[in-house]
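Asker: Let me give you the structure first, and then I'll get to my questions.
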Amino acid sequence: MLVMGEVHTGLLQNSGEISEPACRQVLGLMTGETVRVSRRPIVHALSPDRLTGVDCVLPAASGSRIRGVGTVVSRCAVTGGRVAQGSSYVRLARSETDRRLPWSHYLARPGVIEVLGKARAADIAEGFVGEGAPRLHGCLDLTAVTGRFLDLVQTSPLLNRRAPFRMPRTILRWVAETGEPSIAFTLHTEQERTLRLTHPGPFTPAVVDLCEDLAVHDWLLTSLLVVVERARVGATPAAEVAARLSPAVDHLLHLWMPAARVEERLTPFWESLERRPGFSRQWRSLVDRVRDQLAVHTLALLSANAETGGR
Amino acid sequence: MLVFAISDKGGTGRSVTGTNIAYRHALQGNDVCYLDFDFGSPTAGAIFSVGSVARGTRESGLHEYLRGDCPQPRRVDVWAESDREGLRTRPPGAGRLVLLPGSEGGGELSALSEEVVGRCVQLFGRLEEEFDLCMVDVSAGRSFTAELVLAATVRMPAVPFRWLVFHRWTRQHIIAADGLVTGTDGLFDVGTRFGHDPEVLRDRIRFVRTAVLEPDAAELVGLRDEQRAWLSACDSELRELAGRHGVGRTTMLGKVPLDPVLQWREQLITDEDVLASKIANVETAAAFDDLAKKIVDDNAWEGL
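Residue numbers (this note's numbering), protein chains in the order written: chain U, 1256 to 1566; chain C, 9 to 312.
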């Protein structure tokens, strides 16, 4: 009836980007299960799925207590050896009984939460991504589950924790339903974003890939904006501006690869976001700004050099 | 970087100095968060002039978080929520300034459990990812809180941390500050027990003198010659005492002069207080500014 999930995105806590074998090790959260890696157009590593059992109240805009039992699927990803993500999602389904069944029943349906009693999908969706929705005690907390998975990656002993700059994690909360295609991406506070997606055809994990891909690019854009803002172009000396912009060149600019991992039938969603608000448009203008600043600084250095050399 | 602020006794001005250092560090363009771990009296909100959390928060305070009663502690954006006009807009070039208040009526930690240490490690790990400086106000004297952060930092070997020990410039405070670091159940003692390398720990502890009255200060102009001579003798005696107790100049990060404003009210000293209303001394603001720089300056922390 409804799929909801969360993606947390942050800078991998390492001084430089990590290699593909290192990605495999960092994401090898379970022995025996392999890490899936794709190399083109950008190295992307995905951990095996892990399940978290839950028996909890589901979010509801109406404030009604809806109980759900089942499992949450979580996984971690590293993009370009530099951006770390934790991602969790659940599919809601009506339970055929009104009591909790043995756990074997739920384990046979990974990622499904069975709803006990009456519930409207719209009510739950609004409770999950809507603003100002009441948070009941004991409510499904995908933020805690997802955050913990991302912590597993970030605290890996293989990482040196000397990140080149500080950046908050962003949280993308999403709901997806089957129906007439539509997409609504909303920025809330500095870190929170929501996405409402209606897709044609049944739900597949490709929808999760789309959400993760969006989250990576939103984080890149947010981070680059912060780096440029911190540089205070025009208010600080050019040399300082150049020094403050250089982490962006070293660690961010090459990672922009929109819709690289999005299934063909879902690419129209990316395209519509590219038209409005225009992710790539804003990214390109920022990248140009960074490069222009560095070019101007280089020219200034060269002419200063030429003057002293001519004397 | 995690910085733990501790003091030998209460009333040393630990919180007011710690908050001012955090504020100055944010003004210098860094993202800063301030954690009120003084669970017995969480009053950092009052110093930042955030009325709603002046005595801690009723919901999702740090105490509740560590006990496992809420998934994430509450964050207060000082630039947005302070009641003081001069603080309510983020100055150009300043970084974020976020307060994590303690719980109202929380009370000191009464024991140290594995779960509490685990939550503390998670909290520090996440904040360190996001902020250039995390200033943690640990309560005065020996406490479970101090043990908690010692136990937590030993589990995160890659995360840099430093300790600031605040003390006043008096005989009793100098002796007590030394005792807090090197005495029985002091920082070295407990830290070593939890698995810290004592040599490494030693290099990560510095002292900060608060409410210092210099013998040549302007405030002393009206004093009689005899009084001034006596003060000067006292000062050299204290310097000699401090040297003997390892609290001398080599282990000192900085000192904050006595300022009437801080004697009357715990508050942040803004540039407006110094330049416009002139209620605070220039030297005080300069001392905070200097400490805010030295706190991350490796030269000031080189091994002795």
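For each residue, glycine too, the CB sits at the ideal point set by N, CA and C.
So C:K263 is in the beta strand (DSSP E); what residue range does that whole segment cover?
Answerer: M260 to P265
Asker: Please name the residue, chosen from C:F12, C:E274 and C:D297, that lies closest to C:C142 on a Cα-to-Cα basis.
Answerer: C:F12
Asker: Counting only beta-carbon atoms, is U:A1493 nearer than 8 angstroms to chain C?
Answerer: No, no contact with chain C.
Asker: Exposed or buried, what is U:Q1548 when buried is set at 16 or more other beta-carbons lying within 10 Å of its beta-carbon?
Answerer: buried
Asker: Taking only runs that begin and end inside the stretch 226-279 of chain C, name each unbroken alpha helix (DSSP H) of 4 or more residues, in chain order.
Answerer: 233-252 and 268-272
Asker: Closer than 9 angstroms between beta carbons: that is the criterion. Which residues of the stretch 102-134 of chain C meet it against chain U?
Answerer: G103, R104, V129, Q130, G133 and R134
Asker: Distance, Cα to Cα, U:H1509 vs U:A1339?
Answerer: 16 angstroms
Asker: Mind reading off the beta-carbon distance from C:L74 to C:R127? Whole number of angstroms is fine, and I expect it under 8 angstroms.
Answerer: 5 angstroms
Asker: Could you tell me the alpha carbon to alpha carbon distance between C:D197 and C:T259, rounded to whole angstroms?
Answerer: 18 angstroms
Asker: Give the straight-line distance between the Cα atoms of U:E1351 and U:V1367, rounded to the nearest whole angstrom.
Answerer: 13 angstroms
Asker: Quick one: residues in its chain with C-beta nearer than 8 angstroms to the C-beta of C:R236, no 5 flanking neighbours on either side, listed in chain order?
Answerer: P223 and L228
Asker: Mind listing the chain C neighbours of U:P1423? Cutoff is C-beta to C-beta under 9 angstroms, in chain order.
Answerer: D39, R104, E137, E138 and F139
Asker: To the nearest angstrom, how far is the alpha carbon of C:T65 from that of C:R104?
Answerer: 20 angstroms
Asker: Here's a check: name, in chain order, each residue in its chain whose Cβ is nearer than 7 angstroms to the Cβ of U:Q1446, leaving out the five neighbours to either side.
Answerer: P1423, R1424, T1425 and I1426
Asker: C:V84 to C:T51, Cα distance in whole Å?
Answerer: 14 angstroms
Asker: Straight-line CA distance for U:T1553 to U:A1498?
Answerer: 12 angstroms
Asker: Going by other Cβ atoms of all chains shown within 10 Å of its Cβ, with 16 needed for buried, is C:G69 buried or exposed?
Answerer: Under the 10 Å beta carbon count, C:G69 is surrounded by 16 or more other beta carbons and is classified as buried.
Asker: Cβ of C:V167 less than 8 angstroms from any chain U Cβ?
Answerer: yes
Asker: Out of U:L1521, U:T1522, U:A1376 and U:F1404, which has the shortest C-alpha to C-alpha gap to U:V1327?
Answerer: U:F1404
Asker: Determine the extent of the beta strand (DSSP E) in which U:H1454 is found, giving its start and end residues.
Answerer: Looking at the DSSP string, the run of the beta strand (DSSP E) that includes U:H1454 is E1447 to H1454.
Asker: Is the Cβ-Cβ distance between C:S121 and C:F152 less than 8 angstroms?
Answerer: no
Asker: Which ranges would you report for the beta strand (DSSP E) in the stretch 27-56 of chain C if only whole runs of at least 3 residues count?
Answerer: Here the runs fully enclosed are 40-45.
Asker: Taking C-alpha atoms, which residue in U:G1265, U:T1286, U:I1438 and U:S1293 lies nearest to U:S1274?
Answerer: U:S1293
Asker: By the three-class DSSP mapping on this structure, what secondary structure does U:E1432 have?
Answerer: strand
Asker: Rounded to the nearest angstrom, what separates U:A1348 and U:H1443 at their Cα positions?
Answerer: 29 angstroms
Asker: Measuring only between beta-carbons, confirm whether U:A1490 sits less than 8 angstroms from chain C.
Answerer: It does: the Cβ of U:A1490 has a partner Cβ on chain C nearer than 8 angstroms.
Asker: U:T1326 bridges to which residues according to DSSP?
Answerer: U:G1308
Asker: What is the residue span of the alpha helix (DSSP H) that U:L1469 lies within?
Answerer: P1460 to A1486
Asker: What do you get for C:N307, buried or exposed, if any count of 16 or more other CB atoms within 10 angstroms of its CB means buried?
Answerer: exposed
Asker: For C:D85, which of helix, strand or coil comes out of DSSP?
Answerer: strand
Asker: Should the stretch 205-215 of chain C be called in touch with the stretch 46-60 of chain C, which here means at least 3 C-beta pairs below 8 angstroms?
Answerer: no
Asker: Helix, strand or coil for U:L1521 per DSSP?
Answerer: helix
Asker: On the DSSP letters alone, give me the boundaries of the alpha helix (DSSP H) that U:D1378 sits inside.
Answerer: Run containing U:D1378: A1376 to V1384, per the alpha helix (DSSP H) assignment.
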